[in-house]
Every structure is written in structure tokens, then in C-alpha cells.
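A.B. asks: One structure coming up, written as C-alpha cells, with questions to follow.
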Amino acid sequence: MSEEATLDEYDDSVPTEGSEQSESRFWGTIPEGWELVDGTDVYDVNPNPKSDEEPNTYIEMDALDTELPWPRYFGERNASEYSGKTFTAGDTLFARITPCTENGKAALVPEMDTKVGIGSTEYAVLSPKTERIHPWYLYYLGKSYPVHNYAVSRMRGSTGRQRVPFSVFRRELDVAVPPLKEQRRVASVLYNIDHAIQKTEEVIDQSQRIIDGIIQEHIVDRISNAPSPTALGEVPNNWEKVKLADVASEKEDSLVDGPFGSSLKSEEFIQNGFARIIQLQNVRKNEYSDSNIRYVDEPTFKELERHSAEPGDLIIAKMASPVARACLLPDEYDHYMLGCADVVKLEPGAGFIDKFVMYTLNSYPVWKQAAAHIRGSGRLRVNLNQLKEVSLPKPPLEEQEKIVNAVEDFSDYIQSHEDEKERLKRIRQGLMQDLLSGTVRTTDTNIEVPEEIAQHG
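Here you go:
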């Protein structure tokens, strides 16, 4: 433990002299009073309960969060018409296909409108034997570092479609099981941290809506309706209309997309290396997502240097909704490399503030132009030449700065909450490992058990 070491409701677990303790390759030395059992002693894998009602609550893969236990939304689907996995409240859904496994997608099934729910065929459904294990304790076991890392290491199949075999859950995992009362306390501690993370995310989302309102007022509302989807409406008299190609600086390769096809294959990505790879999922609206971390080595970087990027460059997505979304590269890495042809690097030239260009690219008048050019079958995208023709508004530099400053006041507020969220995540990760292994024990018997945990016993 690190930040959480001062919490006095926890205590280091010290074995009594002469006690015999089991050893686990996942959990280390098992504390006195705990059991080391095979996973299937405390849960069933894919029990697939039958439903006598339709439609059924539907939880698709996209509804699962990578951090929090609650599905983000629900749908409806008839179980008789879909071959997905079925489940009931209290089950854990573990995503077993790439990249969802690596990203940590999982959920605890809450109370639903129907007794039996249905979801992706790519779930491993872990149904707790509640006389042995608390549903929330099982969920946190599935999210733990030892289980997650082992599952990832056991993935099999062709590149891009690898899966965790069900045998991992049926035959290969063991579980360190404390008494049920202690399970409830452990689950309550971790649940309360997740709840704090969720509340922090709500503040961030609310602040982001305020930023959207500022951009709406200062940019979108000052542009008239366009005569066609591929055009930009009229702008104020002291503004200009410019093409994206004219935003780029005069430097060579200041507006370039990533390497095509065989120039850079995913097999060349490595866990540690010289330059951070930028993939489509890293590009969010006004935000760089530092997920799915991969690198290329220095020789590959130098060979493909025209597709490189630096901190402060703008990155634009040619594919996935919303198309043409953009973000700035943070200074967390010294070197970046565009990892595929669906991401574009833009270095704005003189007369443009990079953050203003980002906010403009993410605004409706510009987005709709790019969206009008979407082409393809199955994997819809725009090409670089079409992006170059997209029109943007260009206010004077002083006005660009004024707009950026108005947004940045709230951006700083968001960043402070992002920092708090990261702090909570670090605390949770440290506590999860220590509490689930019994390295640290919950000694406070007065820990408040949240209703969502108490309802499971």
C-alpha cells in the first residue's frame, strides 16, 4: 500500500506462530481463517438461466465500463431470438475478447426489469454461489490485477479476435475466500471508492456540458445556417473562412495521416519502446485518451518519421463517431507515431491558436461538413483530401484567445477533478490488491455497508 497506508481501519495481516497457511500463485500466502478454493467451488461459469418472459433486459458490450461496476445503459431483446449469454442480478460479466479484456470491461448485473437478462456471446458469466461468496466480492476478484493479468496472458486466437478460454474460469483460477462478513466489508470499502469515482465523473460531465455551451455561444451561434451540408455558413464580418489545409503550418508533413496497410502492422507494436503509438480509440472530443498503450522502436520511428507527431500537435479521427473529432497530444511522451491511416496529425500555423482549432473541429458546423463526406461499406470514414476541404471559421487571434480562455477556466476545473479521479483509482488499485489477498485486513467492524451490497446478504 502507499497513499492508503494511513487508514486506521486496516491492519497488516500477521500469521499466528505455528499456523499452517496455504500458498496461491495468484494471492500468495493465504491468511489464517481464509480458505483457498478452486474458482468453481464458489461460482458457476455461464449457467445460462432460461427466461419465461420476453423481451429481456439487454446489456451489450458497449454498455460495460472499463473502470466502474455499473452498466452505463440497458436495452431490450428477446432471448429466444438471440444466442447471447443469459444472466441474473448479482452475476459478474467478464468481457473475454480483445480489446475489451485488456481494457478491463466488466460489470456486476444490477436488479433488472426482467428476472433474466441477456448480453454478448463474448461474456464469461460468473454466477456466485452466495452461501460461499458475496456477489460484489466476486466482481472485485474479477477486476483484480492477478485475475485480469492472467486472463490477458491466456488469450488465444488470431490477431484482433483473441479470446480468454472459458477453461481459465472453470479450471485454472483459485480464490482466496475470507468469511462472508469480511467479504462484505472488503466489498463495501471498494464499492465506496467506486461510488466516489462515479460522482467525480458526474461533475466532470456536467462541467463538459458547460464548456459545450461556451463553444455554442462563442462559435456555433455566430455562424449562419449553411446552404449545403458540405459548406460553412456565413461568419461575422471580422472573421474569415479557411480550409483545413490552410490551417496547417508551412512545415513539411504538418498535415498528414498515418501509414497505410503493410507500412506499419499491429504485430510491430511493442509494450515499451521509443515512440507512443496513436490509435483511433485514443482520439476523443477535446481529450486524448491514454489507453491501450503501445510503442514502436526507434528504427521503425525513423523509417516512418513523416507519420510522427509531437506534444501539442492536433490529432483528428477520420473514422468512428463523431468523425473529425480532435484532441491535442499531451506532453506525457516525447515522441508519438500515428498508428494507422485513420488518424491525422495537424500542426496549426501562424494565425491560429491550437486549442481554438480543436474546439472548432469538434463543433457542429465543422463536424457536419466532414460527416457529409463519409464513405465506405461497413467501416465508414472520410479521406484526408476531403478533410482538407472542410471549412473552419478564423476569428482574429485576440478573439481566438478570448474564447480559449473562457473555455480554459472550466477546463482547469475539469482537470482538478480528473486528478482527483486518478487519485481515487490509485487508492482503489492498491486497496484491491491488499484486501483481496488478505495482506491488509478490515479491522473496523463498523464499516457502513451500502444498500447495493446489503441486498445481496
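The number in the working numbering is simply the position in the sequence shown, starting from 1, with 203 added.
Ideal Cβ placement from N, Cα and C applies to all residues, glycine included.
In this text the structure is predicted, and so the values were computed from the model without any measurement.
At the level of alpha carbons, what is the spacing between Q482 and M315?
C.D. replies: 36 Å
A.B. asks: Could you pull the start and end residues of the alpha helix (DSSP H) that E501 belongs to?
C.D. replies: E501 to E506
A.B. asks: Work out the CA separation of K558 and L600 for me, nearest whole Å.
C.D. replies: 12 Å
A.B. asks: Would you identify the three-state DSSP class for G542, choosing helix, strand or coil?
C.D. replies: coil
A.B. asks: Could you check what DSSP says for N259 in three-state terms: helix, strand or coil?
C.D. replies: Three-state result, N259: strand.
A.B. asks: Indicate the three-state DSSP secondary structure (helix, strand or coil) for I300 in the structure shown.
C.D. replies: strand
A.B. asks: Provide the residue(s) that pair with A379 in DSSP beta bridges, ordered along the chain.
C.D. replies: L239
A.B. asks: R509 by DSSP, collapsed to three states: which one?
C.D. replies: It is helical.
A.B. asks: So, with DSSP's three-state summary, where would you put S641?
C.D. replies: The question names Ser, yet the displayed sequence has Gly at residue 641. Of the three classes helix, strand and coil, the one that applies to G641 here is coil, per DSSP.
A.B. asks: Would you call the CB atoms of Y498 and R479 closer than 8 Å?
C.D. replies: Contact flag set, yes.
A.B. asks: Could you name each continuous alpha helix (DSSP H) segment of 4 residues or more that falls completely within the region 560-615, going from the start of the chain to the end?
C.D. replies: Scanning the region 560-615 for uninterrupted alpha helix (DSSP H) segments of 4 residues or longer gives 567-575 and 587-591, listed from N- to C-terminal end.
A.B. asks: Distance, Cα to Cα, N440 vs P596?
C.D. replies: 11 Å
A.B. asks: Give the DSSP bridge partners of A478, in chain order.
C.D. replies: V499
A.B. asks: For A663, which residues does DSSP report across the bridge?
C.D. replies: This structure does not reach residue 663, given that the chain is present from 204 up to 660, and the question cannot be answered.
A.B. asks: I believe E325 touches R357 by the beta-carbon criterion, under 8 Å. Please report the beta-carbon distance rounded to the nearest angstrom.
C.D. replies: With a Cβ gap of about 15 Å, E325 and R357 do not count as contacting.
A.B. asks: Secondary structure at F472, three-state DSSP: helix, strand or coil?
C.D. replies: The answer is coil: DSSP assigns F472 none of H, G, I, E or B.
A.B. asks: For P252, which of D294, L532 and H337 has the nearest alpha-carbon?
C.D. replies: D294
A.B. asks: Measuring CB to CB, does V438 end up less than 8 Å from K444?
C.D. replies: yes
A.B. asks: Under a three-way DSSP split, which group does M635 fall into?
C.D. replies: M635: helix per DSSP, three-state reduction.
A.B. asks: Got a sec? Which residues, its chain only, sit under 7 Å from I650 by beta carbon, not counting five neighbours each side?
C.D. replies: E212, R388, S391 and V392
A.B. asks: Could you spell out where the beta strand (DSSP E) holding E284 opens and where it closes?
C.D. replies: No beta strand (DSSP E) contains E284, which DSSP labels as neither H nor E.
A.B. asks: Which word fits G221, buried or exposed, when buried means at least 16 other C-beta atoms lie within 10 angstroms of its C-beta?
C.D. replies: Below a pLDDT of 50, predicted positions are generally treated as unreliable, and G221, at 47, falls in that range; no measurement from the model is reported.
A.B. asks: Counting C-beta neighbours from all protein chains within 10 Å, is the total for R578 16 or more, i.e. buried, or is it exposed?
C.D. replies: exposed
A.B. asks: Three or more C-beta pairs under 8 Å: does that hold for the region 301-310 against the region 280-291?
C.D. replies: no
A.B. asks: Could you give the distance in angstroms between the alpha-carbon of D615 and the alpha-carbon of P533?
C.D. replies: Going by C-alpha positions, D615 is about 15 Å away from P533.
A.B. asks: Taking the C-alpha atoms as reference points, what is the distance between A327 and N428?
C.D. replies: 49 Å
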